[in-house]
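Protein sequence lines, in the order shown, are assigned to chains Y and A.
Under the numbering used here, the letters of the first sequence match residues 1 to 243, in that order.
Under the numbering used here, the letters of the second sequence match residues 1 to 243, in that order.
To start, the structure under review is shown below, and the notes come after it.
Number of protein chains: 2
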Amino acid sequence: MTVPADFFKSAFTVDNVIFGFDDGDLKVLLIQRAEDPFLDYWGLPGYFVNADEGLKEAAYRVLEEMTGLTDVYLEQIKTFGKTGRHPMGRVITVAYLSLIKVDDYLLKVKNNAVAQKAEWFSISDIDDLAFDHKEILDTCLDTLRRRVQQKPVGFELLPPKFTLTELQHLYEAILDTELDKRNFRKKILSMNLLIDLDQYQENVAHRPAKLYSFDKARYQEFLSDGYSFDLSENKRKSRTLQY
Amino acid sequence: MTVPADFFKSAFTVDNVIFGFDDGDLKVLLIQRAEDPFLDYWGLPGYFVNADEGLKEAAYRVLEEMTGLTDVYLEQIKTFGKTGRHPMGRVITVAYLSLIKVDDYLLKVKNNAVAQKAEWFSISDIDDLAFDHKEILDTCLDTLRRRVQQKPVGFELLPPKFTLTELQHLYEAILDTELDKRNFRKKILSMNLLIDLDQYQENVAHRPAKLYSFDKARYQEFLSDGYSFDLSENKRKSRTLQY
DNA sequence: TCAAAAGTGTTTGGGTTACACCCATGA
DNA sequence: TCATGGGTGTAACCCAAACACTTTTGA
Numbered sequence: 001m002t003v004p005a006d007f008f009k010s011a012f013t014v015d016n017v018i019f020g021f022d023d024g025d026l027k028v029l030l031i032q033r034a035e036d037p038f039l040d041y042w043g044l045p046g047y048f049v050n051a052d053e054g055l056k057e058a059a060y061r062v063l064e065e066m067t068g069l070t071d072v073y074l075e076q077i078k079t080f081g082k083t084g085r086h087p088m089g090r091v092i093t094v095a096y097l098s099l100i101k102v103d104d105y106l107l108k109v110k111n112n113a114v115a116q117k118a119e120w121f122s123i124s125d126i127d128d129l130a131f132d133h134k135e136i137l138d139t140c141l142d143t144l145r146r147r148v149q150q151k152p153v154g155f156e157l158l159p160p161k162f163t164l165t166e167l168q169h170l171y172e173a174i175l176d177t178e179l180d181k182r183n184f185r186k187k188i189l190s191m192n193l194l195i196d197l198d199q200y201q202e203n204v205a206h207r208p209a210k211l212y213s214f215d216k217a218r219y220q221e222f223l224s225d226g227y228s229f230d231l232s233e234n235k236r237k238s239r240t241l242q243y
Numbered sequence: 001m002t003v004p005a006d007f008f009k010s011a012f013t014v015d016n017v018i019f020g021f022d023d024g025d026l027k028v029l030l031i032q033r034a035e036d037p038f039l040d041y042w043g044l045p046g047y048f049v050n051a052d053e054g055l056k057e058a059a060y061r062v063l064e065e066m067t068g069l070t071d072v073y074l075e076q077i078k079t080f081g082k083t084g085r086h087p088m089g090r091v092i093t094v095a096y097l098s099l100i101k102v103d104d105y106l107l108k109v110k111n112n113a114v115a116q117k118a119e120w121f122s123i124s125d126i127d128d129l130a131f132d133h134k135e136i137l138d139t140c141l142d143t144l145r146r147r148v149q150q151k152p153v154g155f156e157l158l159p160p161k162f163t164l165t166e167l168q169h170l171y172e173a174i175l176d177t178e179l180d181k182r183n184f185r186k187k188i189l190s191m192n193l194l195i196d197l198d199q200y201q202e203n204v205a206h207r208p209a210k211l212y213s214f215d216k217a218r219y220q221e222f223l224s225d226g227y228s229f230d231l232s233e234n235k236r237k238s239r240t241l242q243y
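Pasting the structure below:
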């Protein structure tokens with residue numbers, strides 16, 4: 001029989017799937033690895049969890065090392081633990097999804113020892129990554145798509161002031177569909193999640209759009225509440241059982 | 001700097017939250033521990049993951065050791081890794097949720113070395129468990145409540161033949177609400193998930209109810225599809241953005 | 001004949017959908 | 001004045017919700 005001590009020979013890591021929205025496109029922040037294994041490969045930012053550190057704490061640490069950001073959306077998604085997924089031994093990894101505003105990131109980026117460099121990639125441009133990171137990315141992308149239909153987390157990806165069209169483009173990029181402008185606005189505004197700033201775009205070669213920010217207090221309600229922000233892309237009947 | 005070898009000193013386990021439905025009540029299968037730490041405490045069935053074993057594989061193994069069942073619903077929920085959660089060292093645990101038919105279990109239960117005995121508990125009767133198992137249980141219960149509104153996993157908990165009232169009671173027990181009989185039936189039947197067996201209850205002191213089984217092929221579609229089985233308990237408007 | 005649960009339809013209200021034209025600005 | 005995106009309303013439909021009485025059986 002295996003004695004318990006035999007089990008204390010494995011390690012675990014956290015990997016962050018950091019999404020951003022820029023240029024009308026959903027992006028992920030990847031690093032080019034500076035060490036073995038998978039030297040020079042692109043992969044998700046992540047690292048071993050220290051002995052005295054919780055999982056989420058470790059994910060925040062990695063995130064801060066990468067971006068300098070501390071106060072961001074971070075959610076545990078899934079744990080990947082196939083045998084053989086890491087050449088150095090038995091390593092399982094806990095995947096976290098985070099959402100940041102690309103602007104903030106650009107101001108504070110710094111590199112660290114693990115990564116030669118970091119870059120944003122459009123999700124459609126990524127095919128192969130170090131370890132099983134592609135699988136992890138795909139899983140997190142699925143979750144993100146579900147998430148934005150349940151909770152208005154999309155706002156985490158936008159700058160503090162944005163237009164309704166930008167918001168709509170964000171949803172369209174994440175869900176990979178087109179949305180009807182009038183219905184989208186009707187719906188969003190009916191949620192009272194937005195604050196009309198009474199400000200307008202400047203220097204645009206067309207009628208300037210109104211700027212909005214979102215109501216953090218009300219946003220918090222939506223985050224904790226179960227809530228249906230059902231941007232259903234489908235014709236499938238989304239039947240609802242009453243009670 | 002910590003060298004990688006230093007990280008290979010931790011262990012991980014899987015813990016199963018096994019739900020069943022019996023006697024009109026949602027239950028969880030717990031074990032009374034036969035070894036330290038937490039000797040004699042009640043807790044979730046779980047154990048260390050072997051070096052040559054995947055996570056899900058380990059969860060299935062534990063499940064089979066406990067119940068003799070192999071072909072059951074099993075889903076990874078969340079990983080718990082606070083420092084200090086395990087007295088023997090750094091141990092993180094991956095929580096799995098599984099759904100079984102209590103009848104099947106009753107036929108095949110066997111005990112194992114880790115557990116003195118196993119028993120079903122009504123979820124409302126559980127307050128304290130070994131390790132952080134109460135927190136894990138609560139997390140899985142939340143997930144179950146969400147799951148049954150998204151996918152018709154409730155069927156996993158029922159015997160092969162059941163009545164509409166039993167199905168309704170199951171949903172009521174999981175969601176802790178009351179549902180309208182006519183609306184419930186209308187909705188369920190409109191999904192074409194059920195097969196009318198043209199059989200009836202026998203020896204009941206009232207009008208016997210029709211028996212149904214569920215359509216596994218159609219069920220599979222629903223499982224893979226995103227799908228909304230929105231038994232919304234709330235008055236909250238579940239607004240839906242078109243596309 | 002009584003108790004206990006099974007079974008069954010209709011109306012109302014609200015949200016989703018589909019859809020087309022005018023407005024404001026900079027070039 | 002032209003190109004570009006911003007901004008607006010209405011009608012049809014479908015689904016959720018609310019709600020009460022009759023039927024069948026065993027005791």
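Using N, Cα and C, we set each Cβ at its ideal position, and we do this for glycine too.
Quick caveat, the model's predicted, so the values are computed rather than measured.
Cα-Cα separation, Arg-61 of chain A to Ser-98 of chain A: 13 Å
Beta-carbon proximity list for Pro-159 of chain A, same chain, < 6 Å, skipping 5 on both sides: Taken in chain order, the residues that qualify are Lys-101 and Asp-103.
Continuous beta strand (DSSP E) stretch holding Leu-164 of chain A: start and end: Where Leu-164 of chain A is concerned, there is no enclosing beta strand (DSSP E), although the alpha helix (DSSP H) it sits in stretches over 164-175.
For Ala-59 of chain Y, the three-state DSSP class (helix, strand or coil): Note: Ala-59 of chain Y maps to helix in three-state DSSP.
Where the alpha helix (DSSP H) containing Ile-123 of chain Y begins and where it ends: No alpha helix (DSSP H) contains Ile-123 of chain Y, which DSSP labels as neither H nor E.
Chain A residues whose Cβ lies nearer than 8 Å to that of Asp-15 of chain Y: The premise fails here: Asp-15 of chain Y is roughly 12 Å from chain A at the closest Cβ pair, so nothing lies under 8 Å.
Leu-74 of chain A, DSSP secondary structure in three states: The answer is strand: DSSP assigns Leu-74 of chain A an E or B state.
Range covered by the alpha helix (DSSP H) that runs through Arg-146 of chain Y: Arg-146 of chain Y: member of the alpha helix (DSSP H) spanning 133-150, first to last residue.
Chain Y contact for Arg-185 of chain A (CB, 8 Å cutoff): no
Beta-carbon proximity check, Phe-155 of chain A vs Val-28 of chain A, cutoff 8 Å: no
Chain A residues whose Cβ lies nearer than 9 Å to that of Lys-9 of chain Y: Here the neighbours are Phe-8, Lys-9, Ser-10, Ala-11 and Ala-51.
Amino acids of chain Y, ordered along the chain, whose beta-carbon sits closer than 7 Å to that of Met-88 of chain A: Pro-4
Host beta strand (DSSP E) of Ile-195 of chain Y (start-end): 194-200
Phe-8 of chain A to Thr-139 of chain Y span [Cα, whole Å]: 26 Å
Anticipated Cβ contact below 8 Å, Lys-151 of chain Y with Leu-223 of chain Y, distance rounded: In this structure, Lys-151 of chain Y and Leu-223 of chain Y form a Cβ contact; the two beta carbons are roughly 6 Å apart against a cut-off of 8 Å.
Residues sharing a beta bridge with Gly-46 of chain Y, DSSP: Gly-46 of chain Y pairs with Y:Asp-15.
Identified DSSP bridge partners for Leu-30 of chain A: A:Glu-119
Start and end residues, alpha helix (DSSP H) containing Lys-187 of chain Y: 181-190
Cutoff 8 Å: Leu-223 of chain A Cβ touching any chain Y Cβ: no
Neighbour flag for Lys-82 of chain Y against chain A, beta carbons, 8 Å: yes
CA-to-CA distance, Leu-26 of chain A to Phe-19 of chain A, given in whole angstroms: 7 Å
Endpoints, beta strand (DSSP E) assigned at Val-91 of chain Y: 91-99
Spatial neighbours of Tyr-41 of chain Y in its chain, beta-carbon cut-off 6 Å, leaving aside the 5 residues before and after: Arg-33 and Ala-130
Reduced DSSP secondary structure (H/G/I, E/B, other) of Lys-210 of chain A: strand
Cβ shell of Phe-162 of chain A (< 8 Å), same chain only, five flanking positions each side left out: Here Phe-162 of chain A has Leu-211, Tyr-212 and Ser-213 as same chain residues with Cβ atoms under 8 Å from its own Cβ, once five neighbours each way along the sequence are excluded.
Cutoff 8 Å: Gln-220 of chain Y Cβ touching any chain A Cβ: no
Within chain Y, the residues that Lys-78 of chain A reaches when beta carbons sit closer than 9 Å: Gln-76, Lys-78 and Thr-79
Straight-line gap, Asp-132 of chain A to Arg-85 of chain A (C-alpha atoms, nearest Å): Rounded to the nearest angstrom, the two C-alpha atoms are 7 Å apart.
Supposed close pair Phe-12 of chain Y, Ile-92 of chain Y - CB separation, criterion 8 Å: 5 Å
Beta carbon proximity, Leu-55 of chain Y to chain A, threshold 8 Å: yes
Whole-angstrom distance between Pro-45 of chain A and Gly-89 of chain Y, CA atom to CA atom: 27 Å
Residue burial classification, Ala-217 of chain Y (beta-carbon count within 10 angstroms, cutoff 16): exposed
Length of the line joining the Cα atoms of Glu-75 of chain Y and Ile-195 of chain Y: Taken atom to atom, the span from the alpha-carbon of Glu-75 of chain Y to that of Ile-195 of chain Y is near 26 Å.
Ile-123 of chain A at chain Y interface by Cβ criterion, 8 Å: no
Closest residue to Tyr-47 of chain A among A:Val-94, A:Ala-5, A:Asp-71 and A:Leu-69 (Cα-Cα distance): A:Val-94
Leu-97 of chain Y CB to nearest heavy atom of the ligand MN below 7 Å: Ligands in the displayed structure: none, and consequently the ligand MN is not present.
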